Amino acid sequence: MAGYKALQQKIMAAFTLPPKGSSIAAAVSGGCDSVAMLLLLREWCKIRRVSLCVFHVDHALRASSSEDCRRVEELASRLGLKFFWRRATESDLLQNRGDGVESWARRFRYSAFAAMQAESGADIIATGHTADDQAETIVMRMLRGCSLQGLRGIGSRSSMHAGDKVLKIWRPILTAARCDLEKYLNELGQQWLEDETNQTDLFFRNRIRHHVIPLLNEIQPGSLAHIIDLGNDIESVQAFLRLRAAKFLKKFRCDAVLEVGKIPVSCLRREVLRQWLIELGLAEHSTRSLVGRIDDLWVKKINGRFVDHRKFRFTRRNGRIFFAAA
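Residue numbering for the sequence shown follows my numbering, starting at 845 and increasing by one per position.
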């Protein structure tokens, strides 16, 4: 118990830089990571005189989920914090089709965050992503065939869109190892909840967590830290490319038309195209595959060639690429 203060100071000192705001909502599932984040944030907010409350999202996918909600509410009450929650309705669950459970749960979670933010007035939503999550994410994206953009992993801050709302997301403990968070809670005598689905290999992330990461650490101890360092290096490169791409678009883009007379290096071209897709409102389609196909139009100077994707088309004509919806 006596050593928890030193560990608390160590983890808090490594908090990532928060977005601007005067009130924070801690998104707490009840698991180790989010409970540890909540206790650490409570101390951090006291020091900085920042308002703190608790958000909980019940996806209603497990019989025990309502009990999880009750336990998180009890913890918030014990800490003297306001508690806000949302539970998926039958109507919400009916939308759980097409992209799979994980994609649906993510969409529902952020829509619930938007509703709770409006109710609570919180400026920032803090989530309990850790260094372990970062390494898992990078490995998952590598195996799925990501681009340079994907290799940078999870950002410590991001803006998420939920309908017409923009949410400021902060991941304060992104540099903290899960084992340190478990040690911190154990020294405090603070229990946490274990989601039984986390122990199965039902989801892709669980298979990476249970099998791939331990194997990498067995083959090469310290692999997790090396993967995270690689993600940080990629983020630095990506930040440089984003800036160069923005300048290129400002000069050579006019709404749905991109001038492609100049041919920059491949990594810059692809970042230009990725940002262009985002500006066209096609962020969800800015995949490595589609960017590569449009890049092919850019490099091969053949008039009339086109790329069809879903309900839109990109066509090369007279040194320009034109976007048109079907």
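The beta-carbon is built from N, C-alpha and C at its ideal position, and this holds for glycine as well.
Note that the coordinates shown come from a computational prediction; the quantities given were computed from them, not determined experimentally.
Mapping the DSSP letters down to three states, classify residue i as helix, strand or coil.
| i | result |
| --- | --- |
| Leu1102 | strand |
| His1153 | strand |
| Leu884 | helix |
| Ile891 | helix |
| Val916 | helix |
| Ile1146 | coil |
| Arg1161 | strand |
| Lys1012 | strand |
| Leu1085 | helix |
| Leu896 | strand |
| Ala949 | helix |
| Ala1169 | strand |
Which value, in whole angstroms, describes the spacing of the CA atoms of residue i and residue j?
| i | j | result |
| --- | --- | --- |
| Ala850 | Met856 | 10 Å |
| Thr1026 | Asp977 | Checking the sequence, you will find Glu at residue 1026 rather than Thr. Going by the C-alpha atoms only, they are around 15 Å apart. |
| Lys1155 | Ala1169 | 6 Å |
| Met960 | Phe899 | 7 Å |
| Arg953 | Val901 | 6 Å |
| Phe1167 | Leu1102 | 9 Å |
| Ala1021 | Lys1145 | 49 Å |
| Arg1097 | Ala920 | 50 Å |
| Leu1032 | Tyr848 | 7 Å |
| His1173 | Ile1052 | There is no way to answer for residue 1173, as the model of the chain reaches only from 845 to 1170. |
| Glu1079 | Ser1067 | 18 Å |
| Asp957 | Ser909 | The question names Asp, but residue 957 is Phe in the sequence shown. The straight-line gap from Cα to Cα measures roughly 17 Å. |
| Lys854 | Ile868 | 21 Å |
| Arg1137 | Arg1161 | 16 Å |
| Lys864 | Ala966 | 12 Å |
| His903 | Arg988 | 26 Å |
| Met986 | Cys889 | 36 Å |
Hey, residue i and residue j: beta-carbon distance below 9 Å or not?
| i | j | result |
| --- | --- | --- |
| Arg1181 | Ala1089 | Nothing about residue 1181 can be reported from this structure: the residues present for the chain run from 845 to 1170 only. |
| Ser1130 | Leu1121 | yes |
| Leu1093 | Leu992 | no |
| Leu1009 | Ala932 | A small fix is needed here, since residue 1009 is Lys in this sequence, not Leu. In this structure, Ala932 does not lie closer than 9 Å to Lys1009 by Cβ. |
| Arg996 | Arg1015 | no |
| Cys897 | Ser964 | yes |
| Ile968 | Pro862 | yes |
| Val1151 | Ile1057 | no |
| Gly1007 | Met881 | no |
| Leu1141 | Val1116 | no |
| Gly924 | Leu1037 | no |
| His1153 | Leu1124 | no |
If you follow the alpha helix (DSSP H) that residue i is part of, which residue opens it and which one closes it?
| i | result |
| --- | --- |
| Ile1107 | No alpha helix (DSSP H) holds Ile1107; DSSP gives it neither H nor E. |
| Ala1127 | From DSSP, Ala1127 is part of no alpha helix (DSSP H); its letter is neither H nor E. |
| Ala811 | Here the chain has residues from 845 to 1170 only, and residue 811 is not among them. |
| Ser935 | Glu934 to Leu938 |
Starting from residue i, follow the beta strand (DSSP E) in both directions and report where the run begins and ends.
| i | result |
| --- | --- |
| Ala869 | Ser867 to Ala871 |
| Arg906 | Taken as a continuous stretch (DSSP letters only), Arg906 belongs to no beta strand (DSSP E), as it is neither H nor E. |
Point to revise | Uninterrupted alpha helix (DSSP H) stretches inside the region 957-1008 (no shorter than 4 residues) | key: 975-988 and 992-995
Point to revise | Uninterrupted alpha helix (DSSP H) stretches inside the region 1018-1080 (no shorter than 4 residues) | key: 1022-1032, 1048-1051 and 1057-1063
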